[in-house]
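In this note's numbering, the protein residues as written are 2 to 158. Working notes for the structure below.
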């Protein structure tokens, strides 16, 4: 599984925009292109998509530009990814709009994909734009430690 370059660039761009959050006025695409190193047409395309998704507010004309539609802490990585990629759905099984699987009715794995999809979406939703913009890393998701191997006491044998 891999995000598109456009989704990755959207995260980079939104992180840069969040670092400017609170600054007076609005941002412009040229500023973000310069700051992020992304091509200006890509930034303009992303601004359009992120505005359509309600993550950015934009205004044209003198004094125009764009800004975050919500505080950075209220925008998640999942919000940004879904704005560019569409709903997070690892397989057709979890995408309510798609019914193109030839084994849909008899599949024994299908019930498990919702759990896996929920875990991935939950992990993305747990990372806020505020954290991404700050540069600090959040603690890693807890991964259970493997069980200790059984040890046999050879002295009693």
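Backbone N, C-alpha and C define an ideal beta-carbon position, used for all residues, glycine too.
Rounded to the nearest angstrom, the Cβ distance from residue 125 to residue 79 is 4 Å, consistent with a contact under 8 Å. Residue 54 sits in coil when the DSSP states are folded into three classes, being neither helix nor strand. Nearest to residue 116 by C-alpha distance, out of 67, 91, 68, is 91.
For residue 33, the enclosing alpha helix (DSSP H) begins and ends at 30-37. Under the 10 Å beta carbon count, residue 66 is surrounded by 16 or more other beta carbons and is classified as buried. Residue range 6-20 is occupied by the alpha helix (DSSP H) that includes residue 7.
For the set 7, 109, 73, 38, the Cα lying nearest the Cα of residue 127 is the one of 73. Residue pairing by DSSP places residue 69 opposite 57 in a beta bridge. If you ignore the 5 residues before and after residue 122, its C-beta comes within less than 8 Å of the C-beta of 79, 89, all in its own chain and listed in chain order. Take residue 27, set aside five residues on each side of it, and the residues of its chain with a beta-carbon closer than 7 Å to its own are 60, 65, 66, 67, 68, in chain order. In the displayed model, residue 77 falls within a strand according to three-state DSSP. Per DSSP, the continuous alpha helix (DSSP H) segment holding residue 120 begins and ends at 111-126.
The beta-carbon separation of residue 17 and residue 86, rounded to 20 Å, does not stay under the 8 Å limit for a contact. Bridge partners of residue 129 according to DSSP: 77.
Straight through space, the alpha carbons of residue 132 and residue 34 are spaced by roughly 21 Å.
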